[in-house]
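Numbering (this note's numbering), first residue to last: 46 to 198.
Take a look at the structure below.
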Amino acid sequence: MGRVGHGLLLLGGVLVFIQFIRPASNISVKDYPADIIRIYPMEGKIQGILRTSCYDCHSNNTNYPWYAQVQPSGWWLASHIKKGKEELNFNEFGNYSFRRQQSKLKAISNSIKDGTMPISSYTLIHKNARLSKAEQDLILNWIEETKDSLSKN
46 MGRVGHGLLL LGGVLVFIQF IRPASNISVK DYPADIIRIY PMEGKIQGIL RTSCYDCHSN
106 NTNYPWYAQV QPSGWWLASH IKKGKEELNF NEFGNYSFRR QQSKLKAISN SIKDGTMPIS
166 SYTLIHKNAR LSKAEQDLIL NWIEETKDSL SKN
């Protein structure tokens, strides 16, 4: 066996070995009383859109695709989810200060308007997470109404 054969064998061994090194899963069955869906009134359709397009990376419970079980893609996903939850966690939204809630609602609105959320690497594979113009408008209108009602309180 030549150098190429040894290199391929070593690479194959490494790929098999890394399958045993798995990141922690972001799966929870806990009830979250501070979840944005529980603290702010919204239509069921908006709840569904948030769950489909946002919650996998921005909540404490991810519905993992099959490729999350294959390393290193599982590590990459875990990193994205960790960063997403650090930026915004819908399950913890009610625990944020009033000012932070206002800021996050504005950031969500801006991200939808400029097309940066949901991220393209997610919607490439999860086509049902793409937001139609009507879905964008529905969420943006809800955000404006919610921000307005918060300003009055």
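For every residue, glycine included, the Cβ atom is placed at its ideal position computed from N, Cα and C.
The Cβ atoms of Ile81 and Phe138 sit closer than 7 Å to each other. Cβ neighbours of Ser98 within its own chain (closer than 7 Å, five residues either side excluded): Pro163, Ala174, Leu176.
Residue burial is scored here from C-beta neighbours: Thr161 has fewer than 16 other C-beta atoms within 10 angstroms and is therefore classed as exposed. Per DSSP, Ile164 lies in no alpha helix (DSSP H) segment and is marked neither H nor E. Contact check for Cys102 against Gly129 passes: the beta carbons are separated by less than 7 Å. Bounds of the alpha helix (DSSP H) holding Lys149 are 143-158. For Ile94, the enclosing alpha helix (DSSP H) covers residues 89-98. Residue nearest to Asn134 within the set Met87, Tyr77, Ser70 is Tyr77 (criterion: CA-CA distance). Assigned with DSSP and collapsed to three states, His51 falls in helix.
Between the alpha carbons of Lys151 and Arg145 lies a gap of roughly 10 Å. Its chain contains Leu150, Ile153, Ser154 as the residues whose beta carbon lies nearer than 7 Å to that of Ile188, once the 5 sequence neighbours on both sides are disregarded; these appear in chain order. Under the three-state reduction of DSSP, Val115 is assigned to coil, being neither helix nor strand.
The C-beta distance from Asn106 to Ser73 rounds to 5 Å, short enough to meet the 8 Å contact threshold.
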